[in-house]
Amino acid sequence: MGKIKAAIIGSGNIGTDLMFKLERSEWVQLTAMIGIDKNSEGLKMAQEKGYAVFYNGIQGLVDNPDIADIIFDATSAKAHVRHAKILKELGKKVVDLTPAAVGPFFSPAVNRQLENAAVDNVNMITCGGQATIPVVSAVNEIADVAYAEIVATISSKSAGPGTRANIDEFTITTRRGIERVGGADKGKALIILNPAEPPILMRNTVYCEVKNMDEQAIREAIDSIVGTVQEYVPGYRLKQEPLFSGNIVTVFIEVEGVGDYFPPYAGNLDIMTAAAARAGEDIARKLHVIS
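Residues in the sequence shown are numbered consecutively from 31, following this note's numbering.
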């Protein structure tokens, strides 16, 4: 049986980088790139690579529904709310890279696989969520996290119009992800855009207040989850050893991108597309089983 066909809606930076990652997939076959800007570099590159290209947004998919079974939405939170209804009517499986949170949250390192094959729309939370929620989850499994706060610091150059337009959604969606997927009783999320030159790598601080401190077990759990994330984000690493003080655990994470389309400092974007590609592969495997 061949690969499952997929299309990307959104031809900006995220959609373009995702195109490169899906080209390496053993489970997903990219067939189309969908956008609205005829001058989009992503659409031009997709056309040069031989993919079908549509310039009329999601209408291109409505008019050509058989072109893909899995749809990656790399537009905006507001656009995805509208897209989700249309894609559901078309019977498509959806990986949502916006903070819209229409479907259940998904982090490949935590959820491991999509347990419910009937789920038709999964949300990739945010870049900060993908970088920090695995650590919160690992600590929670050992020590029961009462409160988790994360601070995601990214280079200003890696924050495009989409990121800047969705700052409010970022903080709300990341907080919910910390609680629902990470398991913290209460969560909080902050994002900082750093204009430093040269651009900095993505850095994340995870602060957890725990109920049952066990330093050695927590260290081992964190090391294990870091290894899991590295399976699909090789540049994901601890910046230093976790710090322990009373009932508080503080973890520092750095994310370097692989440099497909983004420069390596844009780890915040890279971790989103890498996680989305992994989610799409999980859906593809489920579709193989069903068929």
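All C-beta atoms in this analysis are idealised placements derived from N, C-alpha and C, irrespective of residue type, glycine included.
Computed from a predicted model, the values in this text were never measured in an experiment.
C-beta contact flag for residue i and residue j at 7 Å
| i | j | result |
| --- | --- | --- |
| S55 | G192 | no |
| I66 | G32 | no |
| L52 | L60 | yes |
| I34 | D99 | yes |
| K68 | Y85 | yes |
| A139 | I255 | yes |
| C238 | V288 | no |
| K122 | I97 | no |
| F292 | D47 | yes |
| P229 | K187 | yes |
| A114 | N151 | yes |
For residue i: DSSP bridge partner residues
| i | result |
| --- | --- |
| M302 | None; M302 has no bridge partner. |
| T128 | Partner(s): none; T128 has no beta bridge. |
| D103 | I39 and D126 |
| A82 | A62 |
| S275 | I278 |
| L268 | I283 |
| I313 | According to DSSP, which records beta bridges pairwise, I313 is partnered with nothing at all. |
| I34 | V58 |
CA-to-CA distance, residue j to residue i, given in whole angstroms
| i | j | result |
| --- | --- | --- |
| V240 | G213 | 11 Å |
| E119 | I278 | 47 Å |
| S185 | C157 | 13 Å |
| K269 | V281 | 8 Å |
| V83 | R112 | 21 Å |
| A307 | P264 | 14 Å |
| D334 | I208 | Because the chain is modelled from 31 through 321, residue 334 falls outside the range shown and cannot be assessed. |
| L231 | I283 | 10 Å |
| E271 | D244 | 15 Å |
| A104 | V124 | 11 Å |
| N43 | G133 | 23 Å |
| P225 | A304 | 25 Å |
| G90 | A189 | 28 Å |
| T201 | S137 | 17 Å |
| V166 | A178 | 7 Å |
| P95 | F50 | 23 Å |
| D312 | V58 | 10 Å |
| E78 | E286 | 28 Å |
| A131 | T203 | 7 Å |
| A109 | M154 | 15 Å |
| S41 | A251 | 38 Å |
| V169 | A219 | 17 Å |
| Q246 | A37 | 44 Å |
| N298 | L127 | 12 Å |
| G276 | N242 | 10 Å |
| K216 | A161 | 18 Å |
| L223 | I64 | 29 Å |
| L317 | P164 | 26 Å |
| Y295 | T258 | 21 Å |
| M302 | I197 | 15 Å |
| R315 | Y266 | 25 Å |
| A76 | A62 | 8 Å |
| G159 | Q260 | 15 Å |
| D253 | R233 | 17 Å |
| G45 | D290 | 12 Å |
| Y262 | G310 | 13 Å |
Whole-Å CB distance - residue i paired with residue j, under 8 Å assumed
| i | j | result |
| --- | --- | --- |
| P129 | E199 | 4 Å |
| I172 | T235 | I172 to T235, Cβ: 19 Å. No contact. |
| F135 | R205 | About 11 Å; that fails the 8 Å criterion. |
| I221 | A182 | 5 Å |
| A92 | I116 | It is Val, not Ala, that sits at residue 92 in the sequence shown. Yes, they are in contact, since the Cβ atoms of V92 and I116 sit about 7 Å apart, within 8 Å. |
Proximity test, residue i beta-carbon vs the ligand PLP heavy atom, cut-off 6 Å
| i | result |
| --- | --- |
| K269 | Inclusion of the ligand PLP in the displayed structure is not the case, the ligand content being empty and no account of it being possible. |
**Prompt:** Can you give, in chain order, each stretch of the beta strand (DSSP E) that sits fully within the region 131–201 and has at least 3 residues?
**Reply:** 151–153 and 175–185
**Message:** Suppose only complete runs of 3+ residues qualify. What are the beta strand (DSSP E) ranges in the region 212–248, listed by chain order?
**Reply:** Counting only runs that start and end inside the region 212–248, the beta strand (DSSP E) elements of at least 3 residues fall at 216–224 and 232–240.
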